[in-house]
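Worksheet: the structure to be examined is printed underneath.
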């Protein structure tokens, strides 16, 4: 006899350990998923704000109006960008004929597109365009409210149209607010029925 006693785990002890681990995992996973969702929505809001900054920068460096256009018509020789219903295709357009960026000039190929058209849904998968009444704790909020032409235009002198772009997901809502005049662009987060700086 060597004097050491070897003891293993019983099946009951193993089942209890697995059960305890399952309970701990079940309570830890939802907060982790909510945190990931909040980060994904925040990243989409920052991405949309970057698109607006890019348009404002193009307007200054090219000395012409530049617009961020939501759901622009595709040119006849282009493949359409696939996007879910209600989610826009987005493009940046330079005012080539110096009369402001206009839908008719975009359709006619007069305005110069800067880069490719892209889908919000493809660039930011899992993030909602706009916010449901449930997410916004009240009335639903549209994805963009930027004037009747569905575009935000920036001038080379620093002025712009005004509006709001909203993105959301699982109770998290962010808005990018564009102030006309000085074209200030601010990020806000929905907290209850209020908007607070983000």
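Residue numbers (this note's numbering): 1452 to 1649.
All C-beta atoms, glycine included, are put in the ideal place defined by N, C-alpha and C.
As the structure is a computational prediction, the values presented were derived from the model and not from experiment.
So, for residue i: in the same chain, excluding its five sequence neighbours on each side, which residues have a beta-carbon less than 6 Å away from its beta-carbon?
| i | result |
| --- | --- |
| residue 1621 | 1488 |
| residue 1592 | 1581, 1582 and 1617 |
| residue 1499 | 1616 and 1627 |
| residue 1556 | 1562 |
| residue 1646 | 1639 |
Looking at C-alpha atoms only, which residue of the options is the closest neighbour of residue i?
| i | options | result |
| --- | --- | --- |
| residue 1503 | 1560, 1520 and 1594 | 1520 |
| residue 1547 | 1566, 1513 and 1534 | 1513 |
| residue 1642 | 1589, 1613 and 1472 | 1589 |
| residue 1636 | 1566, 1615, 1510 and 1598 | 1615 |
| residue 1566 | 1474, 1544, 1638 and 1602 | 1544 |
| residue 1493 | 1647, 1640 and 1572 | 1640 |
| residue 1550 | 1516, 1572 and 1470 | 1516 |
| residue 1596 | 1629, 1466 and 1459 | 1629 |
| residue 1507 | 1649, 1535, 1608 and 1648 | 1608 |
| residue 1510 | 1458, 1536, 1478 and 1564 | 1564 |
| residue 1632 | 1649, 1604 and 1467 | 1604 |
| residue 1634 | 1610, 1649 and 1644 | 1610 |
| residue 1649 | 1537, 1496 and 1584 | 1496 |
| residue 1553 | 1458, 1572, 1464 and 1518 | 1518 |
Identify, in the order they occur along the chain, each residue of the same chain with its Cβ nearer than 8 Å to the Cβ of residue i, setting aside the five sequence neighbours on each side.
| i | result |
| --- | --- |
| residue 1491 | 1575, 1577, 1578 and 1620 |
| residue 1651 | Any answer about residue 1651 is impossible in this case: the structure gives the chain only from 1452 up to 1649. |
| residue 1452 | Note on residue 1452: pLDDT 49, under 50, position unreliable in the model; the coordinate value appears next. Nothing listed; no residue qualifies. |
| residue 1505 | 1543 |
| residue 1601 | 1520, 1521, 1522, 1539 and 1595 |
Starting from residue i, trace the alpha helix (DSSP H) in both directions and tell me its first and last residue.
| i | result |
| --- | --- |
| residue 1573 | 1571-1574 |
| residue 1644 | Careful: residue 1644 lies outside any alpha helix (DSSP H) and carries neither H nor E. |
| residue 1555 | 1554-1558 |
Taking 7 Å as the limit between beta carbons, can you name the residues of its chain near residue i, skipping five residues before and five after?
| i | result |
| --- | --- |
| residue 1586 | 1619, 1622 and 1624 |
| residue 1598 | 1612 and 1614 |
Note the first and the last residue of the continuous beta strand (DSSP E) segment covering residue i.
| i | result |
| --- | --- |
| residue 1521 | 1517-1521 |
| residue 1541 | 1540-1545 |
For chain D, find out if any of its Cβ atoms is closer than 9 Å to the Cβ of residue i; answer yes or no.
| i | result |
| --- | --- |
| residue 1493 | Considering every chain present, this structure includes no chain D. It has just one protein chain. |
**Prompt:** What residue ranges within the segment 1558-1624 form continuous alpha helix (DSSP H) runs of no fewer than 4 residues, ordered along the chain?
**Reply:** 1571-1574
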